[in-house]
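To keep things clear, I will list the structure first and then write my remarks on it.
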Amino acid sequence: MRGNPEAHELIAATSLAETLARLAEEPGVWTPIAGGTELMVAHAAGRLSAQKLMSLSTVPELSFVKVDAHSVSIGGGTTFGQIRRHATIASDFPLLAQAAGWIGSIANQNRATLAGNIVNGSPAADAPPALLVYDAEIELISQRGSRRIPYADFHLGYKQSVLERDELVLALHLPSRFENHVRYLRKVGTRNAMAITKVALAATALIAEGRVTEIRLAAASLADRPLRLTATEAVLFNKTLSRGIRAAARTALLNEVRPIDDIRSTTMYRSHVAANLLDEFLDALEHKQAAELIA
Amino acid sequence: MSPTPQTRIVGTPQIRKEGVDKVLGRAKYVDDLEREGMWYGATVRSTIPRGLIRQIHYDERIDWTEFVIVTAADIPGKNHIQMIAADQPCLADGMVNHCNEAIILLAHPDKHRLPDAAAAIRIDYDPLPPVLSIEESETRQQIVWGEDNIFKQFHLEKGNVDEAWAKAAHILEGEYRTGAQEHLYIENNGAIAEYSDAEGITVWGSLQCPFYVHKSLMAVFDLPAEKVRVIQVETGGAFGGKEDYPSIIASHAGLLARKADRPIKMIYDRMEDLAATTKRHPSRTCHRTAVDKDGKLLAMEIEIATDGGAYSTLSSTVLSRATLHSTGPYVCPNIRITSRAWATNTVPSGAFRGFGAPQSIFAIERHMEQIARAVGVDSAEIRRRNFLHDGDTTATEQVMVEPVILDTLLERALKESDYHARRKQFTLDNPHSPIKRGMGIAAFYHGSGFTGSGERYLNSLAGIDVTPQGKVRVLVSSTEFGQGTNTILPQIAAESLGVGYDDVIMAPSDTSVVPNSGPTVASRTSMVVGHLIERSGHQLIAMLQAEAALPDSYTARDFFAACERYRELHDKVESLCRYEAPPNIYWDDQKYRGEAYPAFAWAVYVAEVAVDTTTYSAEVKNFCTVQEVGRVLNPTLAAGQIEGGVAQGIGYALYEKVLLKNGHMFNNQMTNYIMPTAQDVPPISVIFEEIPFNHGAYGAKGIGELPHDGPAPAILNAIQDAIGENFTSIPLLPEDIFARMATHISVNITVGEPLAV
Amino acid sequence: MSPVWPQIQLIINGQSTTVETPPMKRLLDVLREDLGLTGTKEGCGEGECGSCSVRMNGELVNSCLVPILQADGARIETVEGLAIDAELHPLQKAFLECGGAQCGICTPGMLMAATHLLAHNPRPSMDEIREGLAGNLCRCTGFIKIFESVIAAAAMKGTAHDAR
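Residue numbers (the numbering used here), protein chains in the order written: chain A, 2 to 296; chain B, 428 to 1184; chain C, 1066 to 1229.
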């Protein structure tokens, strides 16, 4: 344990209003800490630079799952354990429930929060690809008010986002319109459990009368941020899945991604496995297409 | 095969002696202990792999008067860690030879103050060019150890290798590499030390060999034996990683305790333990082999190189075992082996389960696979044609006088793993699936106990005594660290004395209490030390019969009553025995010829592997083990050893990689050093054949290291079966499989430019 | 002037207690140092090995990653609370009989993870057992006898532990 507990101040906010007031009064001074699964690792490694921390675990307004006719809203302070176990999320947004089950271990899932996973900004984060292919909106809140933007616009670069210093992630809103979509999520890690992602691909798509009428592709660990593969989507959108289109999609993906060599894996491996994952997904989509044509 | 003799307690699944404490969370490991007035210690380590220490700066912002600071100048005795040689400094003095070498020690009452203080010490170096690989060391452009960078070398000849090539139908060459491996005991290294001029030094530690530490401390502190006391406390895993390293941390804690005049606790965190402590020797083994048209071995020429790191530690004995296991369990009339352990500027390599055998067995068992293919024979058959049998001689001309049942083990393993049927099915299924499956075999032996005259040299003493409270105590320096010492030795004692398992306890692993029964290594505890306990038990019965009227037929009660009568006469009830070598063990250290080991454990392992060509990942789906280890003393513990060793072997093959940059392990966190989890281990079947060995306790031979020898080659053989690729280096990661398979596809596409992050 | 640390209320294995500590002290260290409950171990400090696992408000957590302030008012269960008086928990019995503990350092965390698993899933499949224990590393056993122990414990009935 290389951190010194006495060198850090930690207070427990008990309401959202109190939290936002503090962030507004002293922007950049208070570091929010939710589940602690990132910050406490830094603390133990002697690398926690934040001297003043504000615990969000006792702010009830951040932990919720609300289901209405059109969407499901998940509070930023909701843990991945809660996400996994929520019946509606499991049925309507299975990719998110699946991703939740991949975050660390069960013990980590019981503490790690949705907002933490996003705000930490790791390109390898497990939840973002699923959020991207479900067209999520992210709601940010400050004392000045709240704003909703497409989650796809949230990350700006490596560990950079649009989050202002006085803002928190209040919620992610997922539109309930994916029940008929063909879906796919696969994570490739260093082992079957407790693995940081080397490459992951998420996808949702609709195919009708042989054409791809909707397609969303998103990836982890293929760029400096969670990535929507818009160029690859463009190749597939409104097309039939011929061999030529599939080859073009593969090429587009290989050109679109920007992976790196790092402690876990290599550029070439990541790219080619991502392309293989795309093929695997397109196989599933083709089967749906074939089924449709027979019907 | 003689039938296994009937026993009451030996051979039964007695409950682990210290098990209740462990499941209650009551077992005390070194970090659970406190001493009154204790301070905490930390180590300042080198940041370069090789160089001279020019100056040390202590930042003025720290009040250094609060700290106790120890350097080499504070060492009262010798500044070296006495192992086989004494080339490793206790603290670097003027020069460093590897990253993370210990230079300065700090102590403070508040452990949270230590990291900042350590960071506030700046060391200026004059760097020297480091040697960072076997190949660099071999060029001898830099001499970093001795005259020629060689810690040790062996040369072994049998028959006439040079004449055999001309007669060969096939000559096969191959080069095989194994990487470093970290023990990853879940409990990091730790020690608590107390020192006084009157009493000397006492150390409590997480360790395997109290007397190794004892010997090292005598040298560092210039103290006589009776003023050094080493106590092993509950140890959370070791695997060889706490065989030699504890002498270092014990010395460090002791030096601080002496200067601070108070107890010192020194516990490494995971990052420090990974970066600074010993690892398995990396290796490179080259084979050149002549076989006849039927695949029978005519000649083997083997060249072995290991990377010993910066100091010699145990490199000579690891090299010895690598050499003696490099020809596999096969008959070959002409053999030449040249082996060398090389010095590099990396963290010194040390003992790790298998001790050189996993490295060279990987090579020979991969090589046999290539021989099989060249000859056009299957993997099982090539081995059958070459197996050792009773009466055959090994590379060192040791005659197999004990039964060798490799054929039986092979047949059993093939049957148990459903080898032929599955391979047939895989041949049909593989073309239609992205998942390619295959099966692989490894056949091997592991020599039990120390090589050659090693046991004679150890001259172990062990035995039992009886307390006035009516308990038999086992007196050994053999330690428990999960493998079951504290259970099987009482089982043996109870059996030989005719009392109950619960009548026997272990004496504390305290050098002031127990005799030196040798280190807890080399798979010798059951066979050698257990045998001393067995003999001590019989000896005590004879003593009680002779002098305390113990009847021929007696109950436990009678036994203890007789002990009390004996105590009246002699003040204590104690029976010790000294090691006696089995007859006809001759070993020539110069020519490396003779009885290399008194006994061998034998095994055939079969791995079933699935390679996912979407992700290039290989996963072990099933693992079958069949072994002959003499008498199985406790079936639960024995199976536990096999299962645990196989899991470590799977990690060695497919997951565990030590990443070095300029000689520093930079993946020194558990999140980045990957061992298999509960979702990564396959079902493992464990089958024992038993051929009792007369000179081992109740027929036991060694078992602890054997299971780490087989998995890696079996797995890579299975991968070759699945996808037809010959991989010769471990760890084999998906990125490596991809890189090889990508050379078969034309990769004609530009990937988007990677961003530097 | 020395700092004033907050008072943290904890219910440890059913017993209420209060500690006064820096709020960023890890729950792991509070258990081991302030409360003398050394059964919970530190293996990595990164939330990877699970040897620090405890149950907090019924949920399995890695106590090395919980700042003590966030445990204020929480119900904490550690290995020391598994046995009831002299009677071992079925999992503890099973670990003994099946060889689930070798060196024992992962055992407390493993027992807590297994307790958590069986509390939510009294008859887990092998896959569910593997997943339930995936956050707890064992270097000695290869996990096999740990799986066997959990299966054996799940089959044991009729003890004082059934309700927990």
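The beta-carbon is built from N, C-alpha and C at its ideal position, and this holds for glycine as well.
Predicted model, so just to flag it, every value in this text is computed and none were measured.
{"Query": "May I ask which residues mark the beginning and end of the alpha helix (DSSP H) holding residue 758(B)?", "Result": "Segment: none, residue 758(B) is in no alpha helix (DSSP H) and carries neither H nor E."}
{"Query": "Of all the options 556(B), 796(B), 645(B), 946(B), which has the alpha carbon lying nearest to the alpha carbon of residue 889(B)?", "Result": "946(B)"}
{"Query": "Going by Cα to Cα distance, which pick from 756(B), 738(B), 707(B), 739(B) is closest to residue 724(B)?", "Result": "756(B)"}
{"Query": "Mind checking if residue 1162(B) is an interface residue toward chain A, Cβ cutoff 8 Å exclusive?", "Result": "yes"}
{"Query": "Consult DSSP for residue 822(B) and reduce its assignment to one of helix, strand or coil.", "Result": "coil"}
{"Query": "Taking three-plus beta-carbon pairs below 8 Å as touching, is the segment 527-541 of chain B in contact with the segment 465-476 of chain B?", "Result": "yes"}
{"Query": "List in chain order: all unbroken beta strand (DSSP E) runs of 3+ residues lying wholly within the segment 1024-1103 of chain B.", "Result": "1026-1039, 1044-1055"}
{"Query": "So if DSSP puts residue 710(B) in a beta bridge, which residue, or which two residues, is it bridged to?", "Result": "605(B), 733(B)"}
{"Query": "Under 7 Å between beta-carbons, which chain B residues line up against residue 1173(C)? List them in chain order, please.", "Result": "452"}
{"Query": "Residue 981(B) by DSSP, collapsed to three states: which one?", "Result": "coil"}
{"Query": "Step through the CB atoms of chain A and report whether any lies within less than 8 Å of the CB of residue 1132(C).", "Result": "yes"}
{"Query": "Hey, quick one: how far does the alpha helix (DSSP H) through residue 838(B) stretch, first residue to last?", "Result": "833-843"}
{"Query": "For a quick check, are the C-beta atoms of residue 1115(C) and residue 1127(C) less than 8 Å apart?", "Result": "yes"}
{"Query": "When DSSP builds the beta bridges, which residues end up paired with residue 453(B)?", "Result": "In the DSSP output, where bridge partners are listed per residue, residue 453(B) has none listed."}
{"Query": "Residue 464(B) lies in the beta strand (DSSP E); which residues open and close that run?", "Result": "No beta strand (DSSP E) contains residue 464(B), which DSSP labels as neither H nor E."}
{"Query": "To the nearest angstrom, report how far apart residue 26(A) and residue 264(A) are at their CA atoms.", "Result": "40 Å"}
{"Query": "Identify whether residue 914(B) lies in helix, strand or coil by the three-state DSSP scheme.", "Result": "helix"}
{"Query": "So what's residue 659(B) in DSSP terms, helix, strand or just coil?", "Result": "strand"}
{"Query": "Using a Cβ-Cβ distance cut-off of 8 Å, determine whether residue 38(A) contacts chain C.", "Result": "yes"}
{"Query": "Leaving aside the five residues before and after residue 747(B) along the sequence, list all residues of the same chain whose C-beta is less than 6 Å from its C-beta, in chain order.", "Result": "878"}
{"Query": "Taking buried to mean at least 16 other C-beta atoms within 10 Å of its own C-beta, is residue 980(B) buried or exposed?", "Result": "exposed"}
{"Query": "In the DSSP assignment, the beta strand (DSSP E) including residue 213(A) goes from what residue to what residue?", "Result": "212-221"}
{"Query": "With respect to the alpha helix (DSSP H) encompassing residue 1170(B), which residues constitute its N-terminal and C-terminal limits?", "Result": "Premise fails: residue 1170(B) is in no alpha helix (DSSP H) and is neither H nor E."}
{"Query": "Which class does residue 68(A) belong to by DSSP, given the choice of helix, strand or coil?", "Result": "strand"}
{"Query": "In terms of alpha-carbon separation, which member of 1030(B), 1029(B), 1031(B), 1014(B) lies closest to residue 1023(B)?", "Result": "1014(B)"}
{"Query": "Against chain C, does residue 1064(B) count as a neighbour if the rule is that its beta carbon must be under 8 Å from one of theirs?", "Result": "yes"}
{"Query": "How close, in whole Å, do the beta carbons of residue 914(B) and residue 194(A) come, if the pair is a contact with beta carbons under 8 Å?", "Result": "Residue 914(B) to residue 194(A), Cβ: 31 Å. No contact."}
{"Query": "Let me confirm a value: residue 608(B) is counted as buried when at least 16 other C-beta atoms fall within 10 Å, else exposed. Which label applies?", "Result": "buried"}
{"Query": "DSSP state of residue 580(B), grouped into three classes?", "Result": "strand"}
{"Query": "Shortest alpha-carbon distance to residue 523(B) belongs to which of 499(B), 538(B), 511(B)?", "Result": "499(B)"}
{"Query": "Since residue 194(A) meets chain B, which of its residues come closer than 9 Å, beta carbon to beta carbon?", "Result": "1104, 1105, 1106, 1107"}
{"Query": "Cutting at 8 Å between CB atoms, please list the residues of its own chain near residue 1180(B), excluding the five before and the five after it.", "Result": "Bear in mind that a pLDDT of 44 at residue 1180(B), under 50, signals an unreliable position, so the number given afterwards is only what the model happens to contain. Within the same chain, residue 1180(B) has no close Cβ partners at all."}
{"Query": "I'd like to check one pair, residue 1131(B) with residue 950(B): are the Cβ atoms closer than 8 Å?", "Result": "yes"}
{"Query": "Measure the beta-carbon distance from residue 733(B) to residue 768(B) and round it to whole angstroms, keeping in mind my assumption that it falls under 8 Å.", "Result": "5 Å"}
{"Query": "Starting from the N-terminal side, write out each stretch of the alpha helix (DSSP H) that is 4 residues or longer and does not extend beyond the segment 60-124 of chain A.", "Result": "81-86, 88-93, 95-101, 107-110, 115-120"}
{"Query": "Please decide whether residue 123(A) counts as near chain C, where near means a Cβ-Cβ distance under 8 Å.", "Result": "no"}
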